[in-house]
Amino acid sequence: MRRLFLGRDAYRQRRLGDAIRVLPVLFAVLAVLPPVWLPQYFSYARGAVWLAASWALTIAATAVLHRAIGRAKPEDEDDA
Amino acid sequence: MTPETLGAASVVYVALMFLLAHAADRAAAAGRWRWMDRPVIYTLSLSVYCSAWTFYGAVGYATRSGLEFLTIYLGPGIVFAGAWWGLRRLVRVARLHRVTSIADLISSRFGKSAALAALVTLIGVLASTPYIALQLQSVSMALSAFATSGHPLPGNIALWVAVGLAAFAILFGTRNLAANERHHGVVIAIAVEAVVKLAAFLAVGAFVLWGIADGPADVLARIDRMAVSAGGEGWQIRPERWFTLIALSGAAVMVLPRMFHVLVVEASDENRLRQAGWAFPAYLAAMSFLVLPIAVVGMDLLPRGSNPDLYVLALPLSQGRDTLAALVFLGGFSSAMSMVVVSAIALSTMMANHWLVPLWLWLRQTALSEPAQAREDLGTLMLNARRLAIVAVIGAGWLYHRTTGGTTALAAMGTVAFSGMAQVLPAMVAGLVWRGATRRGAIAGIVAGALIWGGAIFLPSLGLAAPPAFPAGIDAFAGAVLLALAVNLLLLVLISLVDFPDPTERLQALSFVHAIAPDAAASETAPAVQAEALLTLAGRIWGNDHALEVFRKAAENQGKSGYLPDLTPRFLADFERHLAGTVGAATASALMARVGGRGSVTVAELMEVAGEASRAREDNRRLELTSAELARTAAMLRESNEKLTVLSAQKDAFLGQISHELRTPMTSIRAFSEILMEPDLPAADRSRFAGIIQDEAARMTRLLDDLLDISVLESGRAQLKPGVVNLHDLIERALAAGGASAAGRDFAIRRNPLAEHLPVITDPDRLLQVLINVISNARKYCDAGEPAIRIDTRRSPQGGTEIDIHDNGSGIGPENRALIFEKFARLDDPSRAGGAGLGLAICKEIMGFLGGSISYLPGQGGACFRIALPPRPPRRAENAENATG
Numbered sequence: 018m019r020r021l022f023l024g025r026d027a028y029r030q031r032r033l034g035d036a037i038r039v040l041p042v043l044f045a046v047l048a049v050l051p052p053v054w055l056p057q058y059f060s061y062a063r064g065a066v067w068l069a070a071s072w073a074l075t076i077a078a079t080a081v082l083h084r085a086i087g088r089a090k091p092e093d094e095d096d097a
Numbered sequence: 006m007t008p009e010t011l012g013a014a015s016v017v018y019v020a021l022m023f024l025l026a027h028a029a030d031r032a033a034a035a036g037r038w039r040w041m042d043r044p045v046i047y048t049l050s051l052s053v054y055c056s057a058w059t060f061y062g063a064v065g066y067a068t069r070s071g072l073e074f075l076t077i078y079l080g081p082g083i084v085f086a087g088a089w090w091g092l093r094r095l096v097r098v099a100r101l102h103r104v105t106s107i108a109d110l111i112s113s114r115f116g117k118s119a120a121l122a123a124l125v126t127l128i129g130v131l132a133s134t135p136y137i138a139l140q141l142q143s144v145s146m147a148l149s150a151f152a153t154s155g156h157p158l159p160g161n162i163a164l165w166v167a168v169g170l171a172a173f174a175i176l177f178g179t180r181n182l183a184a185n186e187r188h189h190g191v192v193i194a195i196a197v198e199a200v201v202k203l204a205a206f207l208a209v210g211a212f213v214l215w216g217i218a219d220g221p222a223d224v225l226a227r228i229d230r231m232a233v234s235a236g237g238e239g240w241q242i243r244p245e246r247w248f249t250l251i252a253l254s255g256a257a258v259m260v261l262p263r264m265f266h267v268l269v270v271e272a273s274d275e276n277r278l279r280q281a282g283w284a285f286p287a288y289l290a291a292m293s294f295l296v297l298p299i300a301v302v303g304m305d306l307l308p309r310g311s312n313p314d315l316y317v318l319a320l321p322l323s324q325g326r327d328t329l330a331a332l333v334f335l336g337g338f339s340s341a342m343s344m345v346v347v348s349a350i351a352l353s354t355m356m357a358n359h360w361l362v363p364l365w366l367w368l369r370q371t372a373l374s375e376p377a378q379a380r381e382d383l384g385t386l387m388l389n390a391r392r393l394a395i396v397a398v399i400g401a402g403w404l405y406h407r408t409t410g411g412t413t414a415l416a417a418m419g420t421v422a423f424s425g426m427a428q429v430l431p432a433m434v435a436g437l438v439w440r441g442a443t444r445r446g447a448i449a450g451i452v453a454g455a456l457i458w459g460g461a462i463f464l465p466s467l468g469l470a471a472p473p474a475f476p477a478g479i480d481a482f483a484g485a486v487l488l489a490l491a492v493n494l495l496l497l498v499l500i501s502l503v504d505f506p507d508p509t510e511r512l513q514a515l516s517f518v519h520a521i522a523p524d525a526a527a528s529e530t531a532p533a534v535q536a537e538a539l540l541t542l543a544g545r546i547w548g549n550d551h552a553l554e555v556f557r558k559a560a561e562n563q564g565k566s567g568y569l570p571d572l573t574p575r576f577l578a579d580f581e582r583h584l585a586g587t588v589g590a591a592t593a594s595a596l597m598a599r600v601g602g603r604g605s606v607t608v609a610e611l612m613e614v615a616g617e618a619s620r621a622r623e624d625n626r627r628l629e630l631t632s633a634e635l636a637r638t639a640a641m642l643r644e645s646n647e648k649l650t651v652l653s654a655q656k657d658a659f660l661g662q663i664s665h666e667l668r669t670p671m672t673s674i675r676a677f678s679e680i681l682m683e684p685d686l687p688a689a690d691r692s693r694f695a696g697i698i699q700d701e702a703a704r705m706t707r708l709l710d711d712l713l714d715i716s717v718l719e720s721g722r723a724q725l726k727p728g729v730v731n732l733h734d735l736i737e738r739a740l741a742a743g744g745a746s747a748a749g750r751d752f753a754i755r756r757n758p759l760a761e762h763l764p765v766i767t768d769p770d771r772l773l774q775v776l777i778n779v780i781s782n783a784r785k786y787c788d789a790g791e792p793a794i795r796i797d798t799r800r801s802p803q804g805g806t807e808i809d810i811h812d813n814g815s816g817i818g819p820e821n822r823a824l825i826f827e828k829f830a831r832l833d834d835p836s837r838a839g840g841a842g843l844g845l846a847i848c849k850e851i852m853g854f855l856g857g858s859i860s861y862l863p864g865q866g867g868a869c870f871r872i873a874l875p876p877r878p879p880r881r882a883e884n885a886e887n888a889t890g
């Protein structure tokens, strides 16, 4: 049974989970929308730089968030 | 460097991998697997996604279509960014159900359907065939790049590669029939191969980027030059393909049989997704972005007409870097090898579990539980089925390669596989998030999607059919993929909406969607099953030792010794899942049915599960109520115990007090009567002493009267004689009586005679008694220099009567106010004369008897008692009867 209100640590943990959910959506938008919208603009070097930068940022953010969620005491995990 | 040298090097390389895998398997068997069981090994094993397609095909793809090749890696990048959210759920559910393959997952979710498992297996085999062909083609192509003119290569390289890889897969993939489908040796080998291919690709990428080109800026400039060059129009991004391919690759990284195998089946726990979630995309990004320099530099440097799929080899060769080229070849060979081996293992498990074993079971309608029946061993049979399947899968890939003639672009072959396997995705995702998705819906969706894929993509890729004609402006591939997926999803949803799934399916749906363990309570009853028969079955699949171990543990958990546990629903469910970990859920269910003749669950039994749950909840609630009631009772008991203790103490004090009060006059009576007995006592003394004796006797009598009075009042036996009386007359009499009894002092009496003329309905004698008592108290205890008594009377708003009696003394201290109405509560007062301290206690009893009250009013500048009377006295008759009766 999930509790309705949580203490500070568990609350932070939940928000961390929310951030992890947002990440793939954000990256999908970054990777799909610009090339689909402006193909001639993103087909060459500019597109390559754009995709490389947004992917690198996503990977870095994923690494940071996954580390953070691992450090926090698991709140509802049943698997160590 | 000749192709022969490279061939020999590959053989040595494969031999090394054999040794490595063998050592890892031995270590695992000896229980020394733990140090190898690390997240980094898991992450590296995921790189089996980067097959020869990535190694050779991606460069060709980029040369022809520009940035579009990136879509194949962006899709997995997006999926893994959400690894902790989505993939973790998938891994958790799959581990819960000991899933052995993607076909097993979908079959298990949709009611352990054998038909669905066979269908998904068929699609997996069909879709993987071009993919495996791609790997074989890439190896022979790569060797041909080293060939010098006039020195033709042997024509059957692809065949020999296929044979070698099949041998590897058979040796390490079908070693034994484990209770879970994990292959430690293979995983270690592909992890090492992942390092080899990354190192090779990084080496060639760095060489091209800085050795041939002038760093990243130069490469970007070359890319921008493509926009205006002759072959540059293919680089223009086509939005529908961009979007479709990202979606396809995102699906592929989960549903391709080999990806599902390394991602889900080989995962020892879901926690390692934390590392894989960023490390695997980083691996992919490194591999994919190095493709760009190789592609553009190759286009600039290499002669027109050379195969862009081989730029990655041709570039170092053209610069005379033979060693680098050889390393690249080994990297490409590694990627091809790991892909073929893992695919073959995953597909052979699916084919054996979902095609061959069910077929065998259907052909032999014999009881499996009879040990005497044929010595053949089910486990060996299954392993042989897998070996056969591996040969078939790799053979089919080789056939595809032969059919297409080895000329197709690698990337085109890869996308055929992706789009085919993606037809499984809607059923998988819906099965994990929607309880309402049903087996019939899934079958209809997958069949329709696969048919469209077969007709519009697969057959045209073989040259057996013409590609579909879409309206101009729509890409044929993207159009066909989106059409197939749309029809697939639509049928899945529509049919599920009108369908009513059977109970097994609904149980599985609940378990999959909410990631909770399957409900053991709902398991089918198995009256006919004997534990021994199950043990025999398990022994024939896992071998006797392992089976005995499983049964001994189960018995131990039930607190029994020996090897035959009770056939509880929980044990049967666990056993079936254990079995499913080897042969798949559908086959396990069929085997259990065969051995035990288990009936299926009925809808009524399913409802019963919910009924049991709610009954448990109801019991729980009742228990809570009872315990709350018990707590209340205990509190009440505690309270009355306290009261009793206090009362007992009061009674003791009362008896002690009475004895003391009676003893004091008694003592003086006895003393003076002894003196009276003296014969020569003067007459004056004699009469004085007799007077004292009389006074003391009177005091005793008064005390006894008071005691009788209070006991009569307390027991409720007093008689109420109501009458109407003028309050003014009553107060007159009380003052007269009080004045008569008081000694000496002059009191000023302040009254309001007019206000006193109030008719009162009460027992006049009793009220008079109270008034006298209070007034004489005031006279006795008022310590003022000029003592005064004030009497106020009024009607209360409720119709009662209030009489306030003040004096101007120092009053009663707050600490004593609670005590004055208690029996024998005498305040230490020197001027007190006579009385046993029962006066106010009697007053309180009387007022209660009259239905009114007497209370001390604080803050009036002296002692002040308020006597309150109700409009009419209560009816006492029946109360008295009750009290006596």
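As you go down the protein sequences, you meet chains P and R in turn. Using my numbering, the first residue of the first sequence is number 18, and each one after it goes up by one. Using my numbering, the first residue of the second sequence is number 6, and each one after it goes up by one. Where is the CB? At the ideal position from N, CA and C, for every residue including glycine.
query = When DSSP labels each residue in this structure, what does R:Pro8 get in the three-state scheme?
reply = helix
task = Compute the Euclidean distance between the alpha carbons of P:Trp54 and R:Ile251, then round it to the nearest angstrom.
result = 15 angstroms
query = By DSSP, does R:Thr767 sit in helix, in strand, or in coil?
reply = strand
ask   = Leaving out five residues before and five after R:Met852 in sequence, what residues of the same chain have Cβ atoms less than 6 angstroms from its Cβ?
value = Ser858 and Ile859
key: Below-8 angstroms beta-carbon distance, P:Leu74 vs any chain R residue   = no
key: Distance between R:Val429 and R:Pro81 (C-alpha atoms, nearest Å)   = 17 angstroms
ask   = Given a threshold of 16 other Cβ atoms within 10 Å of its Cβ, counted over all protein chains shown, does P:Asp35 qualify as buried or as exposed?
value = exposed
request  = Could you name the residues of the same chain whose beta carbon sits closer than 6 angstroms to that of P:Leu50, not counting the 5 residues immediately before and after it, in chain order?
outcome  = Around P:Leu50: no qualifying Cβ.
ask   = In this structure, what does DSSP give as the bridge partners for R:Ile810?
value = Answer is R:Ile796 and R:Phe870.
request  = Starting from P:Leu9, find everything on chain R with Cβ-Cβ shorter than 8 angstroms and list it in chain order.
outcome  = In this structure chain P extends from 18 to 97, so residue 9 of chain P is not present and cannot be described.
ask   = By the criterion of Cβ-Cβ separation under 7 angstroms, what are the contact partners of P:Gln30 in chain R?
value = Neighbours of P:Gln30 on chain R: none; closest Cβ ~12 angstroms, over 7 angstroms.
inquiry  = Can you check whether the C-beta of P:Pro48 is within less than 8 angstroms of a C-beta belonging to chain R?
reply    = Here residue 48 of chain P turns out to be Ala, not Pro, going by the sequence shown. Interface residue (Cβ-Cβ distance to chain R less than 8 angstroms): P:Ala48 is classified as such.
ask   = Is it buried or exposed for R:Met682, if we count other Cβ within 10 angstroms and need 16 for buried?
value = exposed
task = Can you check DSSP and say which residues form a bridge with R:Ser860?
result = R:Arg871
query = Are any of the Cβ atoms in chain P nearer than 8 angstroms to that of R:Leu297?
reply = yes
task = Please classify R:Val233: does DSSP put it in a helix, a strand, or coil?
result = Coil.
request  = Answer yes or no: do R:Val317 and R:Val333 have a C-beta to C-beta separation smaller than 8 angstroms?
outcome  = yes
message = R:Val191 and R:Ala26 - do their beta-carbons sit closer together than 8 angstroms?
response = yes
Distance, R:Lys828 Cα to R:Phe659 Cα = Whole-angstrom Cα-Cα distance: 8 angstroms.
message = In whole angstroms, give me the CA-to-CA distance for R:Gln140 and R:Met342.
response = Roughly 8 angstroms separates the two Cα atoms.
query = With 8 angstroms set as the bound, which would you pick, yes or no: does the beta-carbon of P:Ala65 sit closer than that to a beta-carbon of chain R?
reply = Using a Cβ-Cβ cut-off of 8 angstroms, P:Ala65 counts as an interface residue toward chain R, since at least one Cβ of chain R sits closer than that to its own.
Minimum Cβ-Cβ distance from P:Ala70 to chain R less than 8 angstroms = no
request  = Could you name the residues of the region 52 to 75 of chain R whose beta carbon sits closer than 8 angstroms to any beta carbon of chain P, in the order they occur along the chain?
outcome  = Cβ contacts with chain P: Gly71, Leu72 and Leu75.
ask   = Are there 16 or more other CB atoms within 10 angstroms of the CB of R:Trp240, so buried, or fewer, so exposed?
value = buried
key: Proximity below 8 angstroms, CB of R:Val17 to CB of R:Ala171   = no
ask   = At a Cβ threshold of 8 angstroms, is P:Phe22 touching chain R?
value = no
query = Is R:Leu335 buried or exposed, if buried means 16 or more other CB atoms sit within 10 Å of its CB?
reply = buried
message = Taking only three categories from DSSP, how would you classify R:Arg97?
response = helix
key: Cross-chain neighbours of R:Phe265 in chain P, by beta carbon under 8 angstroms   = Here the premise fails: no neighbours, minimum Cβ distance about 19 angstroms.
query = Pick from R:Leu490, R:Ile808, R:Phe556 and R:Ala226: whose alpha carbon is nearest that of R:His583?
reply = It is R:Phe556 whose Cα lies nearest to the Cα of R:His583.
ask   = For the region 272 to 280 of chain R against the region 45 to 64 of chain R, are there 3 or more C-beta pairs whose distance is under 8 angstroms?
value = yes
CB-CB length for R:Ser112 against R:Ala590, believed under 8 angstroms = 6 angstroms
request  = Compare the beta carbon distance of R:Cys848 and R:Asn813 with 8 angstroms and say whether it is the shorter of the two.
outcome  = no
query = DSSP beta-bridge partners for R:Arg756?
reply = Paired residue(s): R:Ile796.
query = Between which two residues does the alpha helix (DSSP H) harbouring R:Gly446 extend?
reply = Arg444 to Trp458
query = Does DSSP put R:Gly721 in a helix, in a strand, or in coil?
reply = coil
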